[in-house]
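Some notes on the structure that comes next.
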Amino acid sequence: MTRAGKGGDGMSTQQEKLTAQIEKAKENLRRLQTREAELKRREKEQKKRAADRWYQEIRRTLDSAMREVYGTDYWERIPAADAAALMSAAIKNGRGEEELEDRGGHEDY
């Protein structure tokens, strides 16, 4: 009976070890999933910041080109719709000053 009791205890201890390993594996999985979610969030934020920087650079470049072509008061000298369309197209295409050069400017305004 002592042997059977010891054998039962051995099995119980082994089962407890396996249960502990399973719990540890589950916790590690939760940590990995949390870390993965955090990395994805950071990557998304970095992409957004990069896109914002790119957008601002295009705006500055285009504004500079518009001021060079039309003067500092270009918003008053050309129709707002034309200026907005030029800026929108330049930003969308990522060409900046090249977009203005391709259109040849609106010097007739």
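The opening position of the sequence shown corresponds to residue -4 in the working numbering, with each subsequent residue numbered one higher. Glycine residues also receive a C-beta, built at the ideal position from the N, C-alpha and C atoms.
For the segment 40 to 81, there is no continuous beta strand (DSSP E) assignment of 3+ residues that stays within its boundaries.
Around the Cβ of Met6, a 10 Å sphere holds fewer than 16 other Cβ atoms; the residue is exposed.
In the same chain as Arg62, and ignoring 5 residues on each side of it, the C-beta atoms closer than 7 Å to its own belong to Tyr69, in chain order.
Taking a cut-off of 8 Å for Cβ pairs, the segment 40 to 52 and the segment 12 to 23 do not touch, as fewer than three such pairs fall below it.
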